[in-house]
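Here's the structure we're looking at; comments come further down.
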């Protein structure tokens, strides 16, 4: 058997022969190996390349089309998805038309990435919407784009991953930023999602930055409520017509069921927000410094509570104004749960005061929180009656805030103090009107100090002015009771201090802060209106006149005029200022002179000029201006109003201000005709006007003075003998100046018609005077004849040609005047009474022609002969 085993081994070795290989030598391939080598020739297709297929299509910098990029947004690799979104952004920036054409398809595809697992992909999508898509779709149908996005945003808000849930609120905030009206359609669901995330905030306390971002979004949503938006925008407080959510206000009326659903969601949010705030309280007392993210969360929570309480207060006021209709449930917005949560959990913490020493930054942060809690308290106090001891504590806080006891030297601290104090000031008028148990006098003293120390033009100054305006009615009511209450004296002293500071404030504001000037002038007008109903305010208001002169105009030494801010303010400010003038019980001459100086400025709008005249007339009619002062102002206006007519070779060309003076003269004459006894008016203005005419004012000013004189005179004239003599000497010069400025033109019928009409306009007042006083006509004719004689007998100057021309000009002017008067039927009859004087003028012209003392050319003598021939018609 042993031998057979050996034989078997030997036989096995023969079947599998061992091959010995040397180290480093390549092994041959096995015998059963299949040869996979392929040998082929290249196939060239010249017109079927990828680049040729994309010719004419919009591509990004990597050469990808929008279709390819959208397909890559669903790739399993996060880096590919991110690059695809960045490529879409690049393509839309390069080709804006692509966004216009494919925006809906693009949004429908990329919205899937709102809930993407990769943070970088979500951030790239957020940047794409913020920088390109939403700004580029402002003019398009945004409702469709929003509807495409909101479903995916709400879906992401319920995602298990915390990062995706938080990022969904960022997308929501972005949508509301670009299209606020979309909030109206999704408000209920939005608040529900915020409530859900706040109930689970313990999961996010370790990463407070995420919770802070979510709360900031909730603040934005609550601010978009229309009744909150009106209060939030302090800069546009007067623009009550501005609303961000017209659709929301229309869709959700105060009494609608839709609003009741929103109220229910807001009610559910309040306890959740308070509990969230309480979770941060240990951090304030346990940390050496208030960490920034924690402070941001606390501030946002309080702002949310403030906005919700403001909504409740608004609805309560609406319910009080409009009782519930029959069959409709009355909305009881306040319930025990909300008020007790605020009273038992939040207000007992006030004021927040950490036990450890605070840094300057932390002090400002705690002040910020305390200010918001105080605001929440006062909002709530408007709707329900709060405990007196709690009210005393918060009112003391307001007093200290007004006195600046909480304001540190740091600029940031002052900014926080002013920002919140602006909102707290609106509650002071309500405490004054209710007569709170807390001393009103101390509160008003602190308020007055804030009003005086606040910077002109600042938001705080604006808030103080608005608060004073709101306090006028309750203060007026208290003062009208005339009780011996000491608080009435405090009210009167405070009001007197505010009124005294108004003119100074208007000068400090100048024309640099028109918005603040508008509020101050509106307050001045309201004080004047209240003064009509309360005798105790009349004296205070009238004393403002002396200080208001500088606001309009001041006359310095040497006659230099220094215009005040009135002239440079917008028209709406000027209108308020002018309306305030009417409510002075008497307007003194100094302020009337200041106003008149403004009227004479070339920078004053004609509309404002006529408005001043209208208001002054109304004040005179109601006995607020003396008749002598009233007439003196108007005479000053027409005499000193600057008009610069141009005289060209074609004749008289009016300055644009000439038409303004003509319109003003018409208005003044109309007012004077309504004043009653015209003879009394004539006695008051006759000497003033007659004294101005010898000073040779411009043609338009002279015309206005004469027209006023004619308006109050009658036939026969009531002018004095001295006035007639003065007019007789100077009217001839006026008539000559008119004719010289408006020469006759017989060649052009059209031009002649216009010139004759203008000539008649300026000569008409003289014709009225001649008709009423024939003696005046006699004096004018004699003066004209004397003027021709004097011009011929005057010493000949070195320039003989000029002297001759002056004589010829005067002769032609006198001839034109007499012929023009002769065309009037009534004056023609008057001229017939003075044939001797006219003959004398003709004789003087004839003597001038034959005189050898004046050297005249044949052409010039011919012109005088023509004038002589033209005047012969008067002697027939």
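In UniProt numbering, the protein residues as written are 1 to 876. Glycine included, C-beta positions come from ideal geometry on N, C-alpha and C.
Which residues does DSSP list as the beta-bridge partners of residue i?
| i | result |
| --- | --- |
| residue 554 | 562 |
| residue 65 | 59 |
Taking residue i as the reference, which of the options has the closest Cα?
| i | options | result |
| --- | --- | --- |
| residue 772 | 729, 739, 553 and 712 | 712 |
| residue 415 | 365, 387 and 214 | 365 |
| residue 352 | 305, 295 and 149 | 295 |
| residue 465 | 525, 493 and 488 | 525 |
| residue 92 | 117, 667, 123 and 60 | 60 |
| residue 346 | 377, 362 and 358 | 377 |
| residue 148 | 159, 160 and 134 | 134 |
| residue 839 | 66, 822, 785 and 824 | 785 |
| residue 600 | 617, 573, 521 and 638 | 638 |
| residue 86 | 57, 101 and 130 | 130 |
| residue 634 | 684, 508 and 643 | 684 |
| residue 816 | 716, 766 and 738 | 738 |
| residue 97 | 688, 136, 37 and 82 | 136 |
| residue 680 | 641, 631, 276 and 698 | 631 |
| residue 279 | 208, 688, 444 and 499 | 208 |
| residue 664 | 686, 757 and 636 | 636 |
| residue 620 | 602, 607 and 583 | 583 |
| residue 846 | 865, 831, 124 and 669 | 865 |
| residue 138 | 108, 126, 175 and 117 | 175 |
| residue 369 | 387, 281 and 429 | 281 |
| residue 65 | 89, 341 and 310 | 89 |
| residue 419 | 367, 382, 94 and 489 | 367 |
| residue 224 | 427, 338 and 173 | 173 |
| residue 521 | 310, 574, 285 and 703 | 574 |
| residue 489 | 501, 445 and 455 | 445 |
So, for residue i: in the same chain, excluding its five sequence neighbours on each side, which residues have a beta-carbon less than 7 Å away from its beta-carbon?
| i | result |
| --- | --- |
| residue 234 | Per-residue confidence for residue 234 stands at a pLDDT of 42, beneath the threshold of 50, marking its modelled position as unreliable; the derived number appears in the next sentence. Closer than 7 Å at the Cβ level, and outside the excluded window around residue 234, lie 422 and 459. |
| residue 409 | Per-residue confidence for residue 409 stands at a pLDDT of 49, beneath the threshold of 50, marking its modelled position as unreliable; the derived number appears in the next sentence. For residue 409, where only same-chain residues beyond five positions count, there are no Cβ hits under 7 Å. |
| residue 186 | 150 |
| residue 578 | 611, 612 and 615 |
| residue 400 | 406 |
| residue 821 | 827 and 831 |
| residue 819 | 870 |
Mind checking whether residue i and residue j have CB atoms under 9 Å apart?
| i | j | result |
| --- | --- | --- |
| residue 214 | residue 197 | yes |
| residue 885 | residue 265 | Nothing about residue 885 can be reported from this structure: the residues present for the chain run from 1 to 876 only. |
| residue 781 | residue 841 | yes |
| residue 605 | residue 657 | no |
| residue 111 | residue 164 | no |
| residue 75 | residue 84 | yes |
| residue 576 | residue 595 | no |
| residue 640 | residue 546 | no |
| residue 897 | residue 491 | Limits of the chain in this structure are 1 at one end and 876 at the other, which puts residue 897 out of reach. |
| residue 153 | residue 179 | no |
| residue 551 | residue 503 | yes |
| residue 731 | residue 776 | yes |
| residue 548 | residue 496 | no |
Report all residues from its chain with a CB closer than 8 Å to the CB of residue i; omit the five preceding and five following residues, and keep chain order.
| i | result |
| --- | --- |
| residue 272 | 195, 198 and 199 |
| residue 52 | For residue 52, the predicted structure reports a pLDDT of 48, less than 50, and the residue's modelled location is therefore unreliable. The matter cannot be settled from this model. |
| residue 306 | 372, 375, 376 and 379 |
| residue 304 | 215, 218, 219, 222, 269 and 273 |
| residue 810 | 736, 787, 788 and 791 |
| residue 473 | 433 and 530 |
Leaving out five residues before and five after residue i in sequence, what residues of the same chain have Cβ atoms less than 6 Å from its Cβ?
| i | result |
| --- | --- |
| residue 237 | Reliability fails at residue 237, whose pLDDT of 42 lies under 50, so the model's placement of it is uncertain and no value is given. |
| residue 799 | No answer about residue 799 holds up, because its pLDDT of 48 lies below 50 and its placement is not dependable. |
| residue 463 | 422 and 425 |
| residue 374 | 394 and 397 |
*Can at least three beta-carbon pairs, one atom from the segment 726-742 and one from the segment 687-698, be found at a separation below 8 Å?*
yes
*asked:* Count Cβ pairs between the segment 659-676 and the segment 732-744 that sit closer than 8 Å; are there 3 or more?
replied: no
*asked:* Assess contact between the segment 619-638 and the segment 588-599, defined as three or more Cβ pairs (one per stretch) separated by less than 8 Å. Is contact present?
replied: yes
*Flag this pair as touching only if the segment 529-537 and the segment 506-515 have three or more C-beta atom pairs under 8 Å; answer yes or no.*
no
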